[in-house]
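Q:
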Amino acid sequence: MDSFLFLTIIFLSFGIYFIPNRYKYEYTMILLLAGIWVTSSWSIQALFLNDLPVSIDLHSGLLNYDFSLYIDKLSAFFLLAVNFTSLTGLIYAYKYLKPYYRIKYPLSFSIHYFSYLWLYLSMSMVVMLQDGIAFIILWEIMALSSFMLVIFNAENREIMKTGINYLIQMHIGMIFILLAFLIAENGTGIMGFRSLKPYFSDHSNIILFMMFFIGFGLKAGFMPLHTWLPQAHPAAPSHVSGVMSGIMIKMGIYGILRVVASLQSDLFIIGNIILFVSLISGVLGVMMAIVQHDLKRLLAYHSIENIGIIGIGIGLGTIGLAGKNDYLCLLGFGGALLHVLNHSLFKSLLFYSAGSVNHSTRTRNIEELGGLIKKMPYTSAFFLIGSLAICGLPPFNGFISEYLIYSGMFKSLYGTDLYTASILLSGIIGLTLIGGLAVFCFTKAFGIAFLGQPRTNKAKHTEEVPFPMLFPGFMITTVIMIIGLASTFFVLPAFEIVTDLFTIKGLDQSELNIYTDNLMKISSLGGIFILTVILLIFYRRYHLSSKKVSYGKTWGCGYTAGNSRHQYTATSFADNFTCLANPVLRSAKLEEKIEDTDIFPKKRHFHTSSCDVFKDYIIEYPKEFLLKSLKKIAVMQTGQINHYILYTFLFIIGALLLTYFELI
Amino acid sequence: MDLNVFFSVSAVLTSIILFSGNKYATKIYVILYGLIHAVFSVLSWTKIGKTELTYFTFDSLAVLFLTILSLVVSAVIYHGFIYVSKDETRKYNIYHASLLILVTCISGAYLSNNLAALWIFAESATLAVAGLIYHDRTKMSLEATWKYIFLSSVGIAIAFIGILFISMTMEGTIYNDLSFSSISAAAYSAKPLYLKIAFLFIFVGFGTKMEIFPMHTVGIDANSVAPSPVGALISAGLVNMGFITLFRIYGALSGSEIFGWMNNILILVGLLSLLMAAGYMLKAKHLKRMLAYSTLENMGLVSIALGVGGKGYYAAVLLLILHSFIKSGLFIQMNLLYRKLGTNKLDECGRYLKIFPPGALVLIIGTICIMAIPPSGLFLTEMMIFQALIEDQKWFVLIVSAFLICCIIYALTIRIMHVVFSPPRVDLNFIEEEKVSPLETVSQIVFFAIVIILCFYQPVFLNDMIRQSVAVLLK
Amino acid sequence: MINYLTVMFAITIVYMAIAERYKVYARLLGIQGLILFGMTLSELNEIEITNLIFISLETLVFKAMVVPYMLNRIIINTKVLKVHNEALSGFYELLLIIISLLISIFMAYTLKSPYIDTVFLTIAFFTLFSGLIIIVTHRLIISHLIGFLVLENSVFIFSMAIGNEMPMLINIGTLLDIFVGVLILGFFGMKLKPNIDELTMLKD
Amino acid sequence: MTGLILIIFSAVFFPGIILRTKSIASGRKGPGILQPMKDLRVLMMKDSVFSKTTSIIFQIAPVIGLASIICASLIIPFANQPAFFSFESDFIFFAYILAVGKFFMIISALDTGSGFEGMGANREAFFSMLAEPAFFIFLATLAMLTGYTSFSDIFTKFYITDSDFIMIFSLIGVYLFIQIAMIENSRFPIDDPKTHLELTMIHEVIILDNCGFDKALIHIASYLKFAVYGSLIYNISVPAGWNIFLQTGLFLFIQFFFAVIIGFLESFRARNKMIKNSYFILTLTAISFIAFVIIIIITGKIA
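Chains as they are written, first to last, in our numbering: chain A, 200 to 863; chain B, 663 to 1137; chain C, 13 to 216; chain D, 1282 to 1584.
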């Protein structure tokens, strides 16, 4: 029954092209809700009700590949996350897309909604499919549909370029995955994740793993492979960036987890590789985020950072698997999984808020914003909550997952050997730095964009976005708070998923009690914190009610004519950090020097810019070089017949020579 | 319907058209021809394995390609009517007569079981297509026609020398005709050097038809200048004809000592074709030229697939089939685009989505299909080629071709997406004179739908046919 | 007899490499047609009547008369008289042709077989290569045309080298080839007059 | 419970002792030890003036700052009595909940839209970010040494591990905690609370616009923070097994001693140049790293 509904959704999705423009949104929403209903029921079955995975036959016997769905606990977990984020994204889109109805053509909307629906369908099927080819097909459809979503504003050539850059990188990733699957298939005769275990048990693990890691890492955005991320997210409409950053990049994590679960040897090395890459992603990601002025690009770099945190968890888990350290394994993978969920929540929340800011101010440059909290209180509150959560601060959800990863590391330190100890310590230092830098970054982002006085007219004349754009914020905030305060209900299933996936010995009852106890204590401390705050606020209000409260200008050290231009800017806020990190960030300043002869200095401009070292040196320059040399090859079509004949002639002679010397 | 009936009816219809004084009459004759061709190809399914008129055998590959040709031709005829509707009667008739000759020659070439007969049909097809390329009577079309005729003739001369070398190997044997079975039987004992030279010359010579390195150059010009429906026919019919030649000679020689050598040559040529295609597509400035280069790319892949063997054979045939549909659909679409935007130059095209939404949608789908990204069926063939390469441990070829494919996809998307969405760099302020009906996109939608469906579901009969076609290689 | 003819044929080709005027080309092609006729006459032992008609049609009529005549017409019409060796000077062309002669001898020797006349094979290869070289080294399309006609001659010699195993098919092939040659000539003569060396627009 | 009372008790006297030490060191008689408490009372009674630029963030930030330090103090054990809340890796919660307070103080500074306060906010964020690793590395060292991961367990078991190097850790720990406390509270040598130039201030410049009740809350939080760190110093330097009365005495003594040290430091030392601060803080990280290396050596991982 359910499978029929699912198939119906797939077929009905094509109907978007035939629905009148006014009802396209509603149509999409109905299909999405139906999809969510079906997949959620499957995943709840798999996650909570059954011990066995759920198998769904999609009646695909006619087709070439096995499209039947198979939902184990891991799939179910990802499915739920996909469902939630996709739903909030579509709700948010309702009003967000309204202004475009006047300037865009119905077909654009058809394509957009169709792609959105298929992004959802492909994501949910990617985590459910077992057959390799079917997986790859859906994987690429996912890339394709997200590409179509990114280029919603494709009239802008820059956005188009960004989108294509994204598509190509995704395609390269897909080729890596495909080749890896094919190599495994060549060894075992099975195509898909099922083939990996037998393959890994009698082949070298590390090469194939690296291929998978590159393929999936491109989607996830690990550091040297991240370059599409900071470009694509600002280019996309905000609900799309929210969904992409929130959950789509996690599909890469899903793939990596599946591969890691099949590994048989070389685990320690692989764990180290993952950890190392993740540390770089985490630390550099947040460092680069700090110097960004574009709100959405800043958030995009934070996605890289958070992928780094997830990767740290996975790396630690793998090291734990290698050393038969069940604690580390459980906490590492468990933390990573939970962080996947958490990040999908707060990152989408942040992107939606950033989108709302963009929606009402028409700018994403935080240097042009300021004082939004008075005009857009709800949006600001959501952004604040998102910021606190992404910094991993209690009592929000981000803390829980980071706590798990930290605690795995701290717990494993005792009695380990030198290597593991140093690795764990580097993990600890990395996470700490990430946390500190994230606080630095989000105080900057929130403080400059939402607080103080409006820096430009764009920020001055704004208003709060309509309720449908705020509603997802309420939904997400609720879940964030539930995870933050009732973490037990989320951490224990995550542990169960890990034990199920990696077939390790689960926690016995006493250990389970310890964890429940820990989490309960964190929850109650969080509760106490909130209570204290509320009590203090009420006391403060009571206290101030008896005092005279007056309002005046901000203290200006005697200077009373200060205006909004005297405020600290984002650049200056980041300045001391930028100085310290310049070898990595290579930010450039363009300033006009004041000459000695300038008695009355004229108006001057000052410009700072930052570059992404990885993007330049690993992607851009080699890409430019390759494209240039390829283009150089293309001088043969001269338009002259004699040249054309010459090629033929030379080819024949060359082939004959090669034949004569038996080179081919 | 027997083959002789088909040929004679075609000849009669062609001559009637040449001398008819009425466009409507011509139209009816052409439609009649299209129907006859369709009936002929449907009936040919019942005659698989039979030989007619000594020189023609209905084998699986030929029947398969014939059916595809029928499908493509029906679209080509329909769009051709629109394309030439404003021409004077004489031009109109010449166009259609050439079209008929071309289709008949291609069909004959498909069915030939004899190298010489195949060669003759190929040559005639060249002449017929030259007439079609020249249809627009512009400077460009003159140049393209000249180059096409000239290079094709040189290629055909070279191929003929190759055929002569084949017949040299048969001197002193009991085989004294150029049928492929005889060639194959004689090849067992033949001197390898002769076979190598023969294969090399034939391969290079027919490269003009198949649009493969090193003789791809004219195909590009012809495709970009010819009327779009003809472009569709070239890339679906003529290219397949080139392939069938290559395939038959390859199959005939596959039992001989030079099998490994041939594979190496094929892979070398395939890689070079990919390289050329990648380089040119990165700097293409003309939509139709870019599509022509994409044909070069796909033929390079076919060549690699043949060279690798194993699953590659199947992949090669499937790729050809899918490519016929996609490329002809895209070329037809190019005509609609031209009529809407007044140009096919990349710098002057833009905002297609706004100007002609159905066409833009079709163009996007077509681009996805030709890029071999799922859900395009081409993806399967690409995957099979990779599979075969991995099985053969040809890592270098694998890496290089995967890389070049990525470059090509980059070039394709960036151009076509800009055409669809972005404003043009140079604004022509073109005002369309004639309306383009959205119904004109139906043929392309059907073609692309076939391609997409084939990604998920290949009917058993198709599977069997392809397997039978390549069975000769898998012995 | 046959050896003298082949040597003469080779000499005409070498002369072509250093020819300065198109008229010379036309004349040389005519001479080549005559030589080919002589070669076939002396080579074919038993001559059927149909074959004789075929061969004389091919060589005497087409190669020795029609082609030079049409070429002459084209030359007069287009007023392109001098061969401009823009790509390579005549010296290098000669050099290349001599090298190709060496290669041809070498190849024919390598391909030696009891069923094939090595002399014919040599001259066929030589003609093939020189035809290609003439096309490659010239820029004006009228030279390409001449190169192509030389190529046709080489095809003819190749078919002679095989002897008479499959005369009919090969004769048809040769005839079609020549037909194409004439068609090209005609097309060229009729259509390409005014813009004889501007055909380089189609490029990337 | 005892610990909490002791912390609050010492927090009451802590700032006074610092003040007193400083004045004695500079040859003045100085105010009474309870003078800061009296100041608090004055602040509480004052009316409030808020900048028109500020928003609700500015109003709730002091409250959250205080609440965070209260929560943090619930994790601190005393002697062998476990804290209110003790769980695995609770020091992570400790560090992060303090960060919450800091986060709000920083954004409340930015909320005023003042150039000065932005400067201070930036420095606060930057320096505390740099100080985090030192704290965590040292706790990792302790975790590795004892095999436990909560404050209570670590400090109870710390002296039970019969290691000869225990004193070294104790000393390093005391040093590190003092320095971290100085950074966290923006004291010498990072910052000088008594400076008169806004351009060089860190913590003081952040609260330039706070007044009255809010400022009192900020002060309370700051005093409590001192006491909490003092309590950590006590815990690391005194074995948990000793008599409870002795412990209480020692606790008070160490808190007193801590305050005196701060007073003396502030009297006789010059504050760092702003640019040197980052080096200084990184040195702390290096020191805690040395501690980690030592633990590796003594556990025999490096021969």
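Glycine included, each C-beta is placed from N, C-alpha and C at the ideal position.
Could you check whether the Cβ of residue 197/A sits closer than 8 Å to any Cβ belonging to chain B?
A: In this structure chain A extends from 200 to 863, so residue 197/A is not present and cannot be described.
Q: Can you tell me which of the three DSSP states residue 712/B falls into?
A: For the purposes of this step, residue 712/B is identified with residue 50 of the second sequence, where counting begins at 1. Three-state result, residue 712/B: coil.
Q: Alpha carbon to alpha carbon, what distance is there between residue 1048/B and residue 378/A?
A: For the purposes of this step, residue 378/A is taken as residue 179 along the first sequence, with counting starting at 1. For the purposes of this step, residue 1048/B is taken as residue 386 along the second sequence, with counting starting at 1. Residue 378/A and residue 1048/B have their C-alpha atoms some 7 Å from each other.
Q: With DSSP as the reference, label residue 742/A as helix, strand or coil.
A: Along the first sequence, read from residue 1 onward, the residue named residue 742/A stands at position 543. Correct three-state label for residue 742/A: helix.
Q: Using a cut-off of 7 Å between C-beta atoms, extract the partners of residue 747/A located in chain D.
A: The sequence position of residue 747/A within the first sequence is 548, counting from 1. Near residue 747/A (Cβ distances below 7 Å), the residues of chain D are 1328.
Q: Any beta carbon from chain B within less than 8 Å of residue 185/C's own beta carbon?
A: One-based indexing of the third sequence puts residue 185/C at position 173. Any Cβ of chain B closer than 8 Å to the Cβ of residue 185/C would place that residue at the interface, and such an atom is present.
Q: Are the Cβ atoms of residue 1306/D and residue 1544/D separated by less than 8 Å?
A: Translated into positions along the fourth sequence, residue 1306/D becomes position 25. Translated into positions along the fourth sequence, residue 1544/D becomes position 263. In this structure, residue 1544/D lies closer than 8 Å to residue 1306/D by Cβ.
Q: Just grab the DSSP bridge partners of residue 493/A for me.
A: For the purposes of this step, residue 493/A is identified with residue 294 of the first sequence, where counting begins at 1. Partner(s): 564/A.
Q: Helix or strand or just coil, what does DSSP make of residue 540/A?
A: The count along the first sequence starts at 1 and reaches residue 540/A at position 341. Of the three classes helix, strand and coil, the one that applies to residue 540/A here is helix, per DSSP.
Q: Write down every uninterrupted run of the beta strand (DSSP E) in the stretch 902-930 of chain B whose length is 3 residues or greater and which is fully enclosed by it, in chain order.
A: DSSP assignment within the stretch 902-930 of chain B yields no whole beta strand (DSSP E) run of 3 residues or more.
Q: Which residues bound the beta strand (DSSP E) around residue 45/C?
A: Translated into positions along the third sequence, residue 45/C becomes position 33. No beta strand (DSSP E) holds residue 45/C; the alpha helix (DSSP H) holding it covers 34-55.
Q: Leaving out five residues before and five after residue 1374/D in sequence, what residues of the same chain have Cβ atoms less than 7 Å from its Cβ?
A: The residue you call residue 1374/D lines up with position 93 of the fourth sequence. Excluding residues within five positions, the ones whose Cβ falls inside 7 Å are 1356.
Q: Any C-beta of chain C sitting closer than 8 Å to the C-beta of residue 1072/B?
A: By 1-based counting over the second sequence, the position of residue 1072/B is 410. It does not: the Cβ of residue 1072/B has no partner Cβ on chain C nearer than 8 Å.
Q: Thinking C-beta only, is residue 944/B closer than 8 Å to residue 829/A?
A: Indexing the first sequence from 1 puts residue 829/A at position 630. Indexing the second sequence from 1 puts residue 944/B at position 282. Taking 8 Å as the Cβ cut-off, residue 829/A and residue 944/B qualify as a contacting pair.
Q: Rounded to whole angstroms, what's the CA-CA distance from residue 662/A to residue 299/A? Just pull it up for me.
A: By 1-based counting over the first sequence, the position of residue 662/A is 463. By 1-based counting over the first sequence, the position of residue 299/A is 100. In a straight line, the C-alpha of residue 662/A is about 18 Å away from that of residue 299/A.
Q: Kindly indicate which three-state DSSP category residue 790/A falls into: helix, strand or coil?
A: Taking the first sequence and counting its residues from 1, the one referred to as residue 790/A is at position 591. The three-state reading of DSSP puts residue 790/A in strand, counting E and B together.
Q: Whose C-alpha, out of 799/A, 766/A, 748/A and 769/A, is nearest the C-alpha of residue 1327/D?
A: For the purposes of this step, residue 1327/D is taken as the residue at position 46 of the fourth sequence. Cα-wise, what sits closest to residue 1327/D is 748/A.
Q: Can a CB atom of chain A be found closer than 8 Å to the CB of residue 1064/B?
A: Sequence index remark: in the second sequence, residue 1064/B carries index 402 (1-based). Taking Cβ atoms only, chain A reaches closer than 8 Å to residue 1064/B, which makes this a yes.
Q: For residue 1087/B, go through chain C and note every residue whose CB falls closer than 8 Å to its CB, in chain order.
A: Taking the first residue of the second sequence as position 1, residue 1087/B is located at position 425. Per Cβ cutoff of 8 Å: no residues; residue 1087/B is ~17 Å from chain C at best.
Q: Suppose you measure from the CA of residue 443/A to the CA of residue 644/A; what does that come to, to the nearest Å?
A: Position 244 of the first sequence holds residue 443/A. Position 445 of the first sequence holds residue 644/A. Taking the straight line from one Cα to the other gives about 21 Å.
Q: By the 10 Å Cβ neighbour count, where 16 or more other Cβ atoms means buried, how is residue 1523/D classified, buried or exposed?
A: Along the fourth sequence, read from residue 1 onward, the residue named residue 1523/D stands at position 242. Flag for residue 1523/D reads exposed.
Q: Have a look at 1364/D, 1472/D and 1388/D and flag the residue whose alpha-carbon is nearest the alpha-carbon of residue 1554/D.
A: What you label residue 1554/D is simply residue 273 of the fourth sequence in a count that begins at 1. Ranking 1364/D, 1472/D and 1388/D by Cα distance to residue 1554/D puts 1472/D first.
Q: Note down the Cα distance separating residue 150/C from residue 866/B, rounded to an integer number of angstroms.
A: In the third sequence, counting from the first residue as 1, residue 150/C sits at position 138. In the second sequence, counting from the first residue as 1, residue 866/B sits at position 204. Near 22 Å, if we compare the C-alpha coordinates of residue 866/B and residue 150/C.
Q: Quick one: measure Cβ to Cβ for residue 1574/D and residue 1518/D, integer angstroms, because I've assumed they're closer than 8 Å.
A: In the fourth sequence, the residue the question calls residue 1574/D occupies position 293. In the fourth sequence, the residue the question calls residue 1518/D occupies position 237. With 8 Å as the limit, residue 1574/D and residue 1518/D do not qualify as a contact, their Cβ atoms being about 22 Å apart.
Q: Going by alpha carbons, who is nearest to residue 237/A out of 407/A, 320/A, 581/A and 823/A?
A: Numbered from 1 along the first sequence, position 38 holds the residue referred to as residue 237/A. Minimum Cα-Cα distance from residue 237/A among the listed residues 407/A, 320/A, 581/A and 823/A corresponds to 320/A.
Q: For residue 431/A and residue 816/A, what's the separation of their Cα atoms in angstroms?
A: For the purposes of this step, residue 431/A is taken as residue 232 along the first sequence, with counting starting at 1. For the purposes of this step, residue 816/A is taken as residue 617 along the first sequence, with counting starting at 1. In this structure, the CA atom of residue 431/A is about 19 Å from the CA atom of residue 816/A.
Q: Quick one: list the residues of chain C neighbouring residue 855/B, beta-carbon separation under 8 Å, in chain order.
A: Along the second sequence, one-based indexing puts residue 855/B at 193. The contacting residues are 122 and 123.
Q: Using the C-alpha atoms, what's the distance from residue 508/A back to residue 630/A?
A: In the first sequence, residue 630/A corresponds to position 431, counting from 1. In the first sequence, residue 508/A corresponds to position 309, counting from 1. Each residue's Cα considered, the two are about 7 Å apart.
Q: Confirm, please, whether the CB-CB distance from residue 803/B to residue 880/B is below 8 Å.
A: Numbered from its first residue, the second sequence carries residue 880/B at position 218. Numbered from its first residue, the second sequence carries residue 803/B at position 141. The answer is no: Cβ separation not under 8 Å.
Q: Taking residue 830/B as the query, report the chain C residues whose CB atoms sit under 8 Å from its CB, ordered along the chain.
A: Taking the first residue of the second sequence as 1, we reach residue 830/B at position 168. By Cβ distance, chain C contributes 125, 127, 128, 173 and 174.
Q: Apart from the five residues on each side of it in sequence, which residues of its chain come closer than 6 Å, Cβ to Cβ, to residue 449/A?
A: Stepping through the first sequence from its first residue, residue 449/A is reached at position 250. Around residue 449/A: 539.
Q: Classify residue 759/B: buried if its beta carbon has 16 or more other beta carbons within 10 angstroms, exposed otherwise.
A: Taking the second sequence and counting its residues from 1, the one referred to as residue 759/B is at position 97. Buried, since its Cβ has 16 or more Cβ neighbours within 10 Å.
Q: If you draw a straight line from the alpha carbon of residue 827/A to that of residue 793/A, how long is it in whole angstroms?
A: On the first sequence, position 628 is the one that residue 827/A refers to. On the first sequence, position 594 is the one that residue 793/A refers to. Rounded to whole angstroms, residue 827/A to residue 793/A spans 41 Å at the Cα level.
Q: Helix or strand or just coil, what does DSSP make of residue 750/A?
A: Against the first sequence, residue 750/A aligns to sequence position 551. Strand, per DSSP.
Q: Hey, out of 1003/B, 1039/B and 999/B, whose CA is closest to residue 1024/B's CA?
A: Mapped onto the second sequence, residue 1024/B falls at position 362. It is 999/B whose Cα lies nearest to the Cα of residue 1024/B.
Q: Give me the Cα-Cα distance between residue 1371/D and residue 274/A, rounded to the nearest whole angstrom.
A: Position 90 of the fourth sequence, counted from the first residue, corresponds to residue 1371/D. Position 75 of the first sequence, counted from the first residue, corresponds to residue 274/A. Those two C-alpha atoms are separated by around 32 Å.
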